[in-house]
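**Student:** I'd like to ask some things about the structure below.
In the working numbering, the protein residues as written are 1 to 114.
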């Protein structure tokens, strides 16, 4: 319960508009598995939503590009994407905007907006 209270308090201070989010569709949950990304508010691994300005999730990008790229090129692509995602996370954090949301946090925030 302590975690839920902390999440609720955290949610009261964030900038949230449901129109600024889309479904998070990362092939094979690549980013969760390999980079341990979690919900920006409660640290759940069940990511369902991401901000609209986010790039294509790394797993989906790799799936699209793998047949065209060598292993070294895939590694370079992943490293470039990590930098992009890190900058997005950093900018969103400064503005109190959660980058990734689980269903539970999404529902709580959406209900607070109504």
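Glycine is no exception: its CB is placed at the ideal position from the N, C-alpha and C atoms. Bear in mind that the values here come from a model prediction, so they are computed numbers and not experimental data.
Any idea if residue 84 is buried or exposed, counting beta-carbon neighbours within 10 angstroms, 16 or more meaning buried?
**Tutor:** Looking at its Cβ environment, which holds fewer than 16 other Cβ atoms inside 10 Å, residue 84 is exposed.
**Student:** Specify, as a first and last residue, the run of the alpha helix (DSSP H) that residue 44 falls within.
**Tutor:** Per DSSP, residue 44 belongs to no alpha helix (DSSP H) and is neither H nor E.
**Student:** So the candidates are 105, 23 and 107; which of them puts its Cα closest to the Cα of residue 116?
**Tutor:** Nothing in the structure corresponds to residue 116, since the chain is present only between 1 and 114.
**Student:** Mapping the DSSP letters down to three states, classify residue 7 as helix, strand or coil.
**Tutor:** Per-residue confidence for residue 7 stands at a pLDDT of 45, beneath the threshold of 50, marking its modelled position as unreliable; no derived number is given.
**Student:** Using the C-alpha atoms, what's the distance from residue 26 back to residue 73?
**Tutor:** Whole-angstrom Cα-Cα distance: 20 Å.
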